[in-house]
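Protein chains: 2
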Amino acid sequence: MTTRIPAPQGIASCKIPARILMGPGPSDMHPRVVAALGKPAIGHLDPAFVQMMEEIKVLLRYAFQTGNSLSFAVSGPGSVGMETCFVNLVEPGDKVVVCRNGVFGGRMIENVQRFGGTAVVVEDTWGEPVDPQKVADALKAHPDAKALAFVHAETSTGAQSDAAALVGLARERGCLSIVDAVTSLGGTPVLTDEWAADAIYSGSQKCLSCVPGLAPITFSERAVACVRTRRQKVPSWFMDLGLVLEYWSAPGGKRTYHHTAPVNSLYALHESLVMLRDEGLENAWARHRLHHRALKAGFDALGLRFVVREEARLPQLNAVHVPTGIDEAAVRKQLLERYQLEIGAGLGPLAGKVWRFGLMGYSARAENVNLCLGALADVLSGQGIQADKGAALAAAQAVYTGNQA
Amino acid sequence: MTTRIPAPQGIASCKIPARILMGPGPSDMHPRVVAALGKPAIGHLDPAFVQMMEEIKVLLRYAFQTGNSLSFAVSGPGSVGMETCFVNLVEPGDKVVVCRNGVFGGRMIENVQRFGGTAVVVEDTWGEPVDPQKVADALKAHPDAKALAFVHAETSTGAQSDAAALVGLARERGCLSIVDAVTSLGGTPVLTDEWAADAIYSGSQKCLSCVPGLAPITFSERAVACVRTRRQKVPSWFMDLGLVLEYWSAPGGKRTYHHTAPVNSLYALHESLVMLRDEGLENAWARHRLHHRALKAGFDALGLRFVVREEARLPQLNAVHVPTGIDEAAVRKQLLERYQLEIGAGLGPLAGKVWRFGLMGYSARAENVNLCLGALADVLSGQGIQADKGAALAAAQAVYTGNQA
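Quick note, the sequences are listed as chains A and B, same order.
The first sequence runs 1 to 405 under the numbering used here.
The second sequence runs 1001 to 1405 under the numbering used here.
Right under this line is the structure:
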């Protein structure tokens, strides 16, 4: 047999530039995580690998602050984590109250609808947290709602919602709760058991600073019972938790082959979770707050205004308004080309109007804050804005040395 | 806020043993692929990354031997590739003729049913290829079938089916064809355009010798038209090709964010596809055949019998019967513990009865064949079987030196 399509020419091994990642994710990986990623692949049923999977479950329970037996990493990006929650918990005809205050609430609505459910949408302005009063009203108006779904940390705006309050409202009404913690896990408190949340999903490439492509999730016993008593089969073979768990949670120690796990990515996740455990969750949260305060002090000195009001602001995702008269795409392009610095653009109604600066996981460190402030001041000055680089760096420094008011 | 679940102790950075992977996948990764995997992450919308994605599409068209515009890598394991094909092409009420001659045909049936379709099942014995006459009969008996689905290379048995003939039968009847090429791509000819197949999916961790977790797929124009004229939305947000392609195939060059791509895994895929292009498909196929012949010569000398008859045998997946009286699990355990050699067990009706030896991608090389024959002869001798190690190694050597009959 011979080939018909000739071998393409002019393509060489790819040259990857070294970037500093201060966008909405992926974040910089710690060298230890990179080293773990590059270990040789072993079989996904190898005893050494199976032990690592067990350890990942234990480490994820710590990260999620839960005793939930069903805590593991879905073999796909955060959006597969989201879909795994909805495809297992929503059946045709189910009603779900979904809060939308950014991109990801909109994606939740799509999920509910595609699995045959009805979404009752609670709208809040992009940049605002979810309003608990609106949620209480919606749950009261729809006593037949099966679940409440909301985004804890909206990556598209940098707003954090009051998960404890929202989950509490769902619990009062006997509703399940589905929580997007993609950008919060490891950066701000995700307290699964304290909140009594039912299904939470996250992503590996944000505050865990791991390779993109894994979605940690955790399900309460209530959520598991809901999956087990479904009227219909889950409309996905790959995401059916009943099947996946025969591999991840071996009843009687006998694992059933489900799919070939992304072995190397799981090495990296294990290492990033070990590092989080070693640092301690409270220290990790404090670190994100510290670098956020330094970045904010510098932004204040540069005259940049935050999209989100202070009390709802995520330290790990800083969205600021683009100053009037500035070509925002040109600024991002210059930051990338001259400083190898990636920052994020706005999405949806915020497209062209905001920049998003991530301080996630290993990216949340003083070098990055200083580099970012200096580079941004230079580029803004080049665009004719009065940007006092010295003042910005001094303001950040004052936070680090504790001299800030 | 304080944590309630204490940090788990007793878990250290994981130690990954160096294994030689001769199971059904993952296969050994080439050091160049490992090096690519470990490059620093960059943003999934970075110009350097976007260029790499374009190159991956071109390289995949070569690997799949197709001009199909829709050729890219799904961000998930091979099973997500399978599900992406079925969830996009099957709508409620559709009838699909599915061939089952191993595990993966059974998974296809699950896919059809979970998306509301009806599967007309054509059964063949495990270890046999799909019988084209049975398929012709089924298509004749079900003129309303929308698609024919079959596994080109059954990883659970090592049987290869005649894809050209089967796709031809589907074309005659005006049916779409969905082909599982997870284990064949890069190992035996996958000739998408020559066959005129409509949807083919594969996996990264078999004959491409890349990291597990990506699923290359290709869709013909006919298949794309079928997706575009669906009556209902695809019941998956993540796998909806209409959405995914706004990221992978930028109309007008403007990419829309869909999900965070598994950046590092795609570096590795790019490198493995560059290596395949450099070797040349025909040389890669010939290499798999050569090492299969050497392994087979050794197995013959050890008295091991193949599950699949010669003309349907996959060179990259060698399933042999476990000799009578042998504790097959003990043999695999000893190979793993003493020789760091992973081989595969049997699945389904073949569980406990066969071993599966993979010779996939970088695993298909003489060191592996020799190590495997020597180790197996030792372990079998330890179990009281007459296993002439010298004869096995000499037989393999004769193939390599061209002295075999």
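Just so it is clear, CB atoms sit at the ideal spot from N, CA and C, and this is done for glycine as well.
The model shown is predicted, which means the values in this text are computed figures rather than measured ones.
Taking residue i as the reference, which of the options has the closest Cα?
{"i": "proline 47 of chain A", "options": "B:Asn1318, B:Leu1371, B:Gln1334, B:Asn1283", "result": "B:Gln1334"}
{"i": "serine 27 of chain A", "options": "B:Leu1059, B:Asn1068, B:Asn1264, B:Pro1132", "result": "B:Asn1264"}
{"i": "glycine 402 of chain A", "options": "A:Leu290, A:Val331, A:Ser363, A:Gly361", "result": "A:Leu290"}
{"i": "leucine 1393 of chain B", "options": "B:Gly1298, B:Asn1283, B:Asn1368", "result": "B:Gly1298"}
{"i": "glycine 23 of chain A", "options": "A:Arg231, A:Ser75, A:Ser363", "result": "A:Ser363"}
{"i": "aspartate 1300 of chain B", "options": "B:Val1320, B:Thr1118, B:Glu1110", "result": "B:Val1320"}
{"i": "methionine 275 of chain A", "options": "A:Ser13, A:Gly10, A:His30, A:Thr2", "result": "A:His30"}
{"i": "isoleucine 1326 of chain B", "options": "B:Glu1311, B:Pro1349, B:Arg1313, B:Ala1387", "result": "B:Ala1387"}
{"i": "glutamate 1337 of chain B", "options": "B:Leu1021, B:Arg1313, B:Cys1226, B:Cys1014", "result": "B:Leu1021"}
{"i": "valine 105 of chain A", "options": "A:Gly348, A:Arg231, A:Lys353, A:Gln51", "result": "Per the sequence shown, residue 105 of chain A should be read as glycine rather than valine. If we check each option's Cα against that of glycine 105 of chain A, A:Gly348 comes out closest."}
{"i": "glycine 384 of chain A", "options": "A:Gly352, A:Val331, A:Leu350, A:Ala366", "result": "A:Val331"}
{"i": "threonine 183 of chain A", "options": "A:Leu176, A:Ala153, A:Ala391", "result": "A:Ala153"}
{"i": "glycine 1168 of chain B", "options": "B:Asn1101, B:Ala1136, B:Pro1212", "result": "B:Ala1136"}
{"i": "asparagine 1111 of chain B", "options": "B:Pro1129, B:Val1080, B:Glu1342, B:Trp1285", "result": "B:Val1080"}
Please go through the same chain and pick out, in chain order, the residues whose beta-carbon is closer than 6 Å to the beta-carbon of residue i, but skip the five residues on each side of it.
{"i": "leucine 70 of chain A", "result": "Phe219, Val224"}
{"i": "alanine 149 of chain A", "result": "Val96, Val98, Met108, Ile178"}
{"i": "leucine 1214 of chain B", "result": "Ala1073, Ser1204, Ser1265, Leu1269"}
{"i": "tyrosine 339 of chain A", "result": "Ala375"}
{"i": "alanine 1395 of chain B", "result": "Ala1297, Gly1298, Ala1301"}
{"i": "alanine 36 of chain A", "result": "Tyr267, Ala268, Glu271"}
{"i": "lysine 1057 of chain B", "result": "Ser1071, Phe1072"}
Answer with buried or exposed for residue i, where buried requires no fewer than 16 other C-beta atoms within 10 angstroms of its C-beta.
{"i": "threonine 188 of chain A", "result": "buried"}
{"i": "glycine 78 of chain A", "result": "buried"}
{"i": "proline 6 of chain A", "result": "exposed"}
{"i": "arginine 1019 of chain B", "result": "buried"}
{"i": "glutamine 133 of chain A", "result": "exposed"}
{"i": "asparagine 1318 of chain B", "result": "buried"}
{"i": "threonine 155 of chain A", "result": "buried"}
{"i": "threonine 410 of chain A", "result": "The requested residue 410 of chain A is not part of the displayed model; chain A covers only 1 to 405."}
{"i": "threonine 229 of chain A", "result": "exposed"}
{"i": "aspartate 278 of chain A", "result": "exposed"}
{"i": "lysine 1146 of chain B", "result": "buried"}
{"i": "asparagine 1283 of chain B", "result": "exposed"}
{"i": "arginine 4 of chain A", "result": "exposed"}
{"i": "alanine 345 of chain A", "result": "buried"}
{"i": "glutamate 941 of chain B", "result": "Only positions 1001 to 1405 of chain B appear in the structure, and residue 941 of chain B is not among them; the question remains open."}
{"i": "glutamine 1316 of chain B", "result": "buried"}
{"i": "aspartate 1198 of chain B", "result": "buried"}
{"i": "alanine 1170 of chain B", "result": "buried"}
{"i": "arginine 287 of chain A", "result": "buried"}
{"i": "alanine 163 of chain A", "result": "buried"}
{"i": "arginine 1313 of chain B", "result": "buried"}
{"i": "alanine 351 of chain A", "result": "exposed"}
{"i": "proline 92 of chain A", "result": "exposed"}
Excluding the 5 residues flanking residue i on each side, which residues of the same chain have their C-beta closer than 8 Å to its C-beta?
{"i": "methionine 53 of chain A", "result": "Phe72, Trp248, Ala261, Leu266"}
{"i": "asparagine 1068 of chain B", "result": "Arg1061, Thr1192, Asp1193, Thr1218, Phe1219, Ser1220, Glu1221"}
{"i": "glutamine 65 of chain A", "result": "Pro189, Val190, Leu191, Thr192, Asp193, Glu194, Leu281"}
{"i": "lysine 389 of chain A", "result": "Leu373, Gly374, Ala377, Asp378, Ser381"}
{"i": "glycine 242 of chain A", "result": "Val227, Arg228, Val234"}
If I measure Cβ to Cβ from residue i and keep anything under 7 Å in the same chain, skipping five residues before and after, which residues do I get?
{"i": "valine 1087 of chain B", "result": "Phe1115, Val1234, Pro1235, Ser1236, Met1239"}
{"i": "phenylalanine 1049 of chain B", "result": "Ile1042, Gly1043, Val1263"}
{"i": "valine 103 of chain A", "result": "Ser156, Leu347, Gly348"}
{"i": "asparagine 1370 of chain B", "result": "Leu1393, Ala1396"}
Should residue i be listed as close to the ligand COA, given that the test is whether its C-beta is under 7 Å from any heavy atom?
{"i": "histidine 1030 of chain B", "result": "Among the components of this structure there are no ligands whatsoever, and the ligand COA is therefore not found."}
Interfacial residues, the region 94-113 of chain A to chain B, with Cβ spacing under 9 Å | Listed by position, the residues of the region 94-113 of chain A near chain B (Cβ gap below 9 Å) are Val103, Arg107, Glu110, Asn111, Gln113.
Three CB pairs or more closer than 8 Å across the region 374-389 of chain A and the region 242-249 of chain A = Contact fails: fewer than three Cβ-Cβ distances are below 8 Å.
Is the number of C-beta pairs between the region 1140-1157 of chain B and the region 1292-1300 of chain B that are closer than 8 Å three or more?
-> no
Is it a yes or a no for the region 1123-1130 of chain B touching the region 1151-1167 of chain B, going by three-plus beta-carbon pairs under 8 Å?
-> yes
In the region 1171-1196 of chain B, which residues sit with their C-beta less than 8 Å from some C-beta in chain A, listed in chain order?
-> Pro1189, Leu1191, Asp1193, Glu1194
Near-chain B residues of the region 32-43 of chain A - C-beta to any C-beta below 9 Å = Flagged, chain order: Arg32, Val34, Ala35, Ala36, Leu37, Gly38, Lys39, Pro40, Ala41, Ile42, Gly43.
Which of the residues in the region 1007-1022 of chain B, read from start to end, lie with their CB under 8 Å from any CB of chain A?
-> Ala1007, Pro1008, Ile1011, Ala1012, Ser1013, Cys1014, Lys1015, Ile1016, Pro1017, Ala1018, Arg1019, Leu1021
Residues in the region 1348-1376 of chain B having any Cβ partner in chain A nearer than 9 Å = Hits within the stretch: zero.
Mind checking the region 51-64 of chain A against chain B and listing, in chain order, the residues whose C-beta falls within less than 7 Å of any C-beta there?
-> Hits within the stretch, in order: Met52, Glu55, Val58, Leu59, Arg61, Tyr62.
Chain B contacts made by the region 205-236 of chain A, where a contact means CB separation under 8 Å | Gln205, Val211, Pro212, Gly213, Lys233, Val234, Pro235, Ser236
In the region 65-88 of chain A, which residues sit with their C-beta less than 9 Å from some C-beta in chain B, listed in chain order?
-> Gln65, Thr66, Gly67, Ser75, Gly76, Pro77, Gly78, Ser79, Val80, Met82, Glu83, Phe86, Val87
Members of the region 1260-1274 of chain B that neighbour chain A once the beta carbon cut-off is set at 7 Å = Thr1260, Ala1261, Pro1262, Val1263, Asn1264, Ser1265, Tyr1267, His1270, Glu1271, Val1274
Contact residues within the region 378-395 of chain A, judged by C-beta distance below 7 Å to chain B = The residues in question: there are none.
Listed from N- to C-terminal order along the chain, which residues in the region 1281-1303 of chain B have their beta-carbon within a distance smaller than 9 Å of any beta-carbon of chain A?
-> Leu1281, Glu1282, Trp1285
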